[in-house]
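The sequence shown finishes on residue 155 if you use the working numbering, and the numbering steps up by one all the way, no holes.
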Amino acid sequence: MGERDHVQGPANATVTLVEYGDFECPHCRRAYPIVKEVRERLGPRLRFVFRNFPLTELHLHAEHAAEAAEAAGAQGKFWEMHDRLFERQFALEDDHLIEYAQELGLDAARLERELAAHTYKPKVRDDFMSGVRSGVNGTPTFFINNVRHDQAWDVEALLAALEGVSEGVR
-14 MGERDHVQGP ANATVTLVEY GDFECPHCRR AYPIVKEVRE RLGPRLRFVF
36 RNFPLTELHL HAEHAAEAAE AAGAQGKFWE MHDRLFERQF ALEDDHLIEY
86 AQELGLDAAR LERELAAHTY KPKVRDDFMS GVRSGVNGTP TFFINNVRHD
136 QAWDVEALLA ALEGVSEGVR
């Protein structure tokens, strides 16, 4: 994990789940409540990391949505924006991103300026390239303790894989 990563959960958690995701990807939208439930069920045993992997050829708004999440993160609300973007995946145009910033109590004018200037494009690109180097070619892609998880990612399957690693089975 890098210091620029967005992390939920303790540093001493027994298992780390990394998701490479795209805010406009319907599969990532489907994974969002699954990951949320897994995080709740594992509690402090799990550390969750989200990295941007916008599939710009398929999803026209994915990169700007990722930049908006990063801009929100610079104001201390990455996870709130992360959740909002998945919950309102049907509305990711710039005017919606600014509206979400307002709803979350962010400095929306600052976020709007940062989006226009592509301030966080390098961070989004860094996330994307780390995924490419790790063999990611679609979303969502999960890694459990640095090992790619190519199995099912429904709640029970993901829980079993995470608990297996947590207990030293994997």
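Glycine residues also receive a C-beta, built at the ideal position from the N, C-alpha and C atoms.
Close CB contacts of Cys13 within its chain, under the 6 Å cut and outside five residues either way in sequence, are with Gly6, Asp7, Thr124 and Pro125 (chain order). A direct Cα-Cα distance of roughly 21 Å separates Val23 from Gln74. Short of 6 Å from the beta carbon of Leu89, and not among the five residues preceding or following it, lie these beta carbons of its own chain, in chain order: Lys62 and Glu65.
Shortest Cα-Cα distance from Ser119 to any of Lys108, Lys106 and Arg133 involves Arg133. Taken atom to atom, the span from the alpha-carbon of Asp135 to that of Leu82 is near 32 Å. By the Cβ neighbour-count rule, Val121 is buried, with 16 or more other Cβ atoms within 10 Å of its own. Going by C-alpha positions, Asn37 is about 17 Å away from Glu99. Secondary structure in the region -11 to 51: the beta strand (DSSP E) runs of 3 residues or longer, each lying completely within the stretch, are -9 to -7, 0 to 6 and 31 to 37 in chain order.
Under the three-state reduction of DSSP, Val150 is assigned to helix.
If only complete runs of 4 or more residues are kept, the region 76 to 115 shows the alpha helix (DSSP H) at 79 to 88 and 93 to 102, in order along the chain. Shown here, Arg133 sits in a strand according to DSSP, grouped into three states. For Phe71, no pairing in a beta bridge is given by DSSP.
By the Cβ-count criterion, Leu2 is buried, with 16 or more other Cβ atoms from all chains shown falling within 10 Å of its own Cβ. Take Lys106, set aside five residues on each side of it, and the residues of its chain with a beta-carbon closer than 7 Å to its own are Glu52, in chain order.
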